[in-house]
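Start counting at 1 in the first sequence, then tack on 1, and there's your number in my numbering. By construction, the Cβ of each residue, glycine as well, lies at the ideal position given by its N, Cα and C atoms. These numbers were taken from a predicted model, which means no experiment stands behind them.
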Amino acid sequence: MIAEIGPLGPEEREARLRSLGGPEPRPVRPPRSTSGDETSQDLPDLPGAEKGRVTLRFAPFPSGALHVGHARAIFLNDTYRQRYDGRFFLVFDDTVGSAEKRPTLDSYDLILEDFELAGVKLSKIYYKSDRLPEYYRHLPPLLQTGSAYVCLCPAELLRHRREAREACPERDREARWQLEAWEGMLSGRYGEGEAVVRLKTDLNHPNPAFRDRVLFRISNLDHPRVGQRYRVWPLLEFSWAVDDVELGITHVLRGKDLVMEDEMEQALWKAWGWTGPRFAHFGLLRIREAKLSKSKFQREIASGVFDGWADPRTWSLRSLWRRGIRPEAVRQFILSFGLSLADIEVPAETLYAMNRHLIDPTTPRRAFVPEPVPVKVMGDPLGPRAVALANHPEHPEMGERTLQVEDSFYLPGRDVAAHRGEEVRLKDLLNVRLPPAGGPGPLLAEFTSQPNKPLPRLQWVPMGEAVPVSVLGIEHQRTEGFGEGDLARAPEGSLFQFERFGFVRADALPTSPGEPRRFFFAHP
RNA sequence: GCUCCCGUAGUCUAGUGGUCAAGGAUAGAGGCCUCUCGAGCCUCUGACGCGGGUUCAAAUCCCGCCGGGAGCACCA
């Protein structure tokens, strides 16, 4: 019997099974994803998620603008929020930090603005620095039950004992002493580094970091929002263990670098007898071209080497928005990676391709002439005239613009140098022969014909209406040149494709005459 | 070193025992189209890390190995 079924094709086998009264054929597999615009459909469901009953959160440390790494958390959370018609909180993870890692006041607005520009709606915004009383309130029960204790070891000794799997003398002191010592911490009896609160876990835990982890410590650092109102600060795991439950979070989506925190939060919930949200993780995402170093950026911005957080070299989200990379492209880009645990490194090219698909159909074309050289066309029989050019070659409904053409133009220096003595076409206009060598003054090119011919095509700008244009590149280098007249009036934020150059986004209008019109380069 | 995670084309991803002689994207090659070095259309190149096992059947399950990553603070 088995030997008989083996060689059958799948359909025959299915039919045969049915005729034998076998099990129902399994349902047809859903069609495969066949398009590149990955959507939320490719993401797995969140465990135990019910429509209308999902609350998610994103918890950035406010020390600068959001970068592409954050985008993964943000768009994943937002996508699930939409899928389940849930809520999405922003919780500023602004405990006092450390000497090397400190919150900065301007970061709060930067982050809020980044969300707005990303088009991600927030249901509510919290600040951990407002919630210290909540954290304080939940510690005494742990002291009471012996789940946590006040440790008076200096940092060095603490580390050493942890390494040696050794308990410190305070570990087993009675609850009364613990509560009293905690009051002492709050009232200032101990100085910075003199006392911490630790969770009582397994001193033999294979990972030393788990062995009686520190929950609270004393810090005299000034906090940008609350100054020195508090001296006792919780560490990340403690504050999260409280907030994730108190704020009603149902699912925590966090980077894989934070998996250890799951276990710590769970240990605390167990001590309190609470049930917390579920966790899901995603691997670390890196854009190949992006060399990320937040502290370096902070320095370079402070010293003026970098042009703020929107400097393209930071690869911050706002730097992408400024270049004309649409949040929607970043969202697609992010969602295409799914919820994978693998750490990935992706070339920016992939993001560019998505953005290009997105903006190409609606982005008007313009001529931009880099490294311009003046050229005078001799013998054009048509004389001065107005020339109408389509804004988009494939979309006539996008209209056209009109250029006043006389005999003087700017042409791209590199193209002119490459085609000395040759015939070239000024795209959409006429054909000329370039002189073999230049003398003083404008190059004199000779008109050859008007109709289109298969010649090298150069972009051009009539000298009479050339607008100085400066394009800021991805490495913050500038390309200077001339552009078409109406670029001078293009509103900030408008996108163009500079033909044979790339996609750009217009910066603010110049504030003083004589300044070039500035653009940001998005990608080829 | 310890703990955890991950291995599908150059890169990213689909795939959860049979419809996979492995799908898509991006990159690359060629062609068509186009008055842009853009877009579009067509074709092609290219992958299940290795070795065992389970099974009629393995990219998919198990074991081992190899390779890669992350974490190991009184930072977040």
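- Message: Taking DSSP's pairing of strands, which residues face G81 in a bridge?
- Response: For this step, residue 81 is matched to residue 80 along the first sequence. The question names Gly, but residue 81 is Tyr in the sequence shown. Partner(s): none; Y81 has no beta bridge.
- Query: What are the start and end residues of the alpha helix (DSSP H) that includes V331?
  - Reply: The count along the first sequence starts at 1 and reaches residue 331 at position 330. P328 to L336 is the span of the alpha helix (DSSP H), which, as asked, contains V331.
- Message: If the criterion is Cβ atoms closer than 9 Å, does the pair Y137 and L187 meet it?
- Response: Your numbering for residue 137 matches position 136 in the first sequence. Your numbering for residue 187 matches position 186 in the first sequence. Judged by beta-carbon spacing, L187 lies within the 9 Å limit of Y137, meaning their Cβ atoms are closer than that value.
- Task: Would you please state the rounded distance, in angstroms, between the beta carbons of G65 and S124? I believe it to be under 8 Å.
- Result: By 1-based counting over the first sequence, the position of residue 65 is 64. By 1-based counting over the first sequence, the position of residue 124 is 123. With 8 Å as the limit, G65 and S124 do not qualify as a contact, their Cβ atoms being about 24 Å apart.
- So H68 packs on W316, CB below 8 Å; how close in whole Å? Indexing the first sequence from 1 puts residue 68 at position 67. Indexing the first sequence from 1 puts residue 316 at position 315. That pair is a contact at about 6 Å.
- Item | Simplified DSSP assignment, three categories, for P373 | On the first sequence, position 372 is the one that residue 373 refers to. In the structure shown, P373 sits in a strand (DSSP, three-state: E or B).
- Message: Just list the residues that DSSP pairs Q460 with in beta bridges.
- Response: As a first step, residue 460 is located in the first sequence; it is residue number 459 there, counting from the start. Answer by DSSP bridge pairing: none, since Q460 is not bridged.
- Task: Confirm, please, whether the CB-CB distance from E262 to E238 is below 9 Å.
- Result: In the first sequence, residue 238 corresponds to position 237, counting from 1. In the first sequence, residue 262 corresponds to position 261, counting from 1. If you check the CB distance, E238 and E262 come in under 9 Å.
- In angstroms, rounded to a whole number, what distance separates the CA positions of V408 and P373? As a first step, residue 408 must be located in the first sequence, where it is residue number 407. As a first step, residue 373 must be located in the first sequence, where it is residue number 372. Per the sequence shown, residue 408 should be read as Asp rather than Val. Each residue's alpha carbon lies about 16 Å from the other.
- Message: Using the Cβ count rule (16 or more neighbours within 10 Å means buried), how would you classify I345?
- Response: The residue given as residue 345 occupies position 344 in the first sequence. Exposed.
- If you drop the 5 nearest sequence neighbours on each side, which residues of the same chain put their C-beta closer than 7 Å to that of P278? What you label residue 278 is simply residue 277 of the first sequence in a count that begins at 1. Only D245, I250, T251, H252 and V253 meet the Cβ criterion.
- Ranges of the beta strand (DSSP E) found wholly within the stretch 394-481, counting only runs of at least 3: Segments of the beta strand (DSSP E) lying fully in the stretch 394-481: 401-406, 409-413, 424-427, 431-434, 444-450 and 468-473.
- Message: Can you tell me whether T56 is helix, strand or coil according to DSSP?
- Response: As a first step, residue 56 is located in the first sequence; it is residue number 55 there, counting from the start. Strand.
- By Cβ distance, which residues of its chain are closer than 8 Å to A149, with the 5 residues on each side in sequence left out? Within the first sequence, residue 149 is the residue found at index 148, counting from 1. Closer than 8 Å at the Cβ level, and outside the excluded window around A149, lie L140, L143, Q179, V198, R199, L200, K201, L216 and A272.
- Task: Return the residue from the list A438, D258, A165 and K297 that minimises the CA-CA distance to G419.
- Result: By one-based count along the first sequence, residue 419 stands at place 418. In the sequence as presented, Gly is not what sits at residue 419; that position holds Ala. When each option's Cα is compared against that of A419, the closest is A438.
- Task: Taking 9 Å as the cut-off, decide whether the C-beta atoms of F448 and V378 are in contact.
- Result: Working through the first sequence from its first residue, we reach residue 448 at position 447. Working through the first sequence from its first residue, we reach residue 378 at position 377. Annotated as proximal: F448 and V378, with beta-carbon spacing under 9 Å.
- DSSP puts F283 in a beta bridge; with which residues? Sequence index remark: in the first sequence, residue 283 carries index 282 (1-based). G256.
- Query: Should E485 be labelled buried (16 or more other beta-carbon atoms within 10 Å of its own) or exposed?
  - Reply: As a first step, residue 485 must be located in the first sequence, where it is residue number 484. The residue is buried, with at least 16 neighbouring Cβ atoms inside 10 Å.
- In terms of residues, what are the limits of the beta strand (DSSP E) holding A523? Here residue 523 is taken as the residue at index 522 of the first sequence, counted from 1. Per DSSP, A523 belongs to the beta strand (DSSP E) from R518 to H524.
- Given A368, which residues of its chain have a CB within under 8 Å of its CB, disregarding the five upstream and five downstream residues? The count along the first sequence starts at 1 and reaches residue 368 at position 367. Cβ neighbours of A368 within its own chain (closer than 8 Å, five residues either side excluded): K428, Q460, W461, V462, G484, E485, F499 and E500.
- Task: Could you round the C-beta distance between R73 and F283 to whole angstroms and report it? I think they count as a contact, below 8 Å.
- Result: As a working note, residue 73 is residue 72 in the first sequence. As a working note, residue 283 is residue 282 in the first sequence. 6 Å between Cβ atoms; contact.
- Counting only the same chain and skipping the five closest in sequence on each side, list residues whose C-beta sits under 7 Å from that of P63. On the first sequence, position 62 is the one that residue 63 refers to. Around P63: F93, D95, P104, T105, S108, Y109 and I112.
- Could you tell me if A291 is buried or exposed, where buried requires 16 or more neighbouring beta carbons within 10 angstroms of its beta carbon? Here residue 291 refers to the residue found at position 290 of the first sequence. A291 is buried by the Cβ-count criterion.
- Item | Residue burial classification, H71 (beta-carbon count within 10 angstroms, cutoff 16) | One-based indexing of the first sequence puts residue 71 at position 70. Answer is buried; the Cβ neighbour count reaches 16.
- Taking DSSP as the reference, what is the three-state secondary structure of K102? For this step, residue 102 is matched to residue 101 along the first sequence. Coil.
- Task: Return the CA-CA distance between R366 and A389, expressed in angstroms with no decimal places.
- Result: Here residue 366 refers to the residue found at position 365 of the first sequence. Here residue 389 refers to the residue found at position 388 of the first sequence. Cα to Cα, the separation comes out at about 13 Å.
- Task: With DSSP collapsed to three states, give me the class of R226.
- Result: Along the first sequence, read from residue 1 onward, the residue named residue 226 stands at position 225. Here DSSP, grouped into helix, strand and coil, assigns R226 to coil.
- Query: What residue ranges within the stretch 85-165 form continuous beta strand (DSSP E) runs of no fewer than 3 residues, ordered along the chain?
  - Reply: For the stretch 85-165, whole beta strand (DSSP E) runs of length 3 or above, ordered along the chain, are 88-93, 125-128 and 149-152.
- Query: Can V417 and V470 be called in contact, C-beta distance under 9 Å?
  - Reply: Sequence index remark: in the first sequence, residue 417 carries index 416 (1-based). Sequence index remark: in the first sequence, residue 470 carries index 469 (1-based). Going by C-beta atoms, V417 is not nearer than 9 Å to V470.
- L237, enclosing alpha helix (DSSP H) - first and last residue: Translated into the one-based positions of the first sequence, residue 237 becomes position 236. Segment L237 to E247, the alpha helix (DSSP H) holding L237.
- Message: Please report the distance separating the alpha-carbon of Y85 from that of A343.
- Response: Position 84 of the first sequence, counted from the start, is the residue given in the question as residue 85. Position 342 of the first sequence, counted from the start, is the residue given in the question as residue 343. Using only the alpha carbons, I get a separation of about 25 Å.
- Message: Taking its Cβ as the centre, do 16 or more other Cβ atoms sit within 10 Å of S341, making it buried, or is it exposed?
- Response: Here residue 341 refers to the residue found at position 340 of the first sequence. The residue is exposed, with fewer than 16 neighbouring Cβ atoms inside 10 Å.
- Can you tell me whether DSSP reads S296 as helix, strand or coil? Counted from its first residue, the first sequence places residue 296 at position 295. DSSP, read as helix, strand or coil, puts S296 in helix.
- Item | C-beta contact flag for R415 and N453 at 9 Å | Locating residue 415 in the first sequence gives position 414, where the first residue counts as 1. Locating residue 453 in the first sequence gives position 452, where the first residue counts as 1. No, the pair does not count as a contact, with Cβ atoms beyond the cut-off.
- State the Cα-Cα distance for the pair R232 and E171, rounded to the nearest angstrom. Taking the first residue of the first sequence as 1, we reach residue 232 at position 231. Taking the first residue of the first sequence as 1, we reach residue 171 at position 170. Going by the C-alpha atoms only, they are around 21 Å apart.
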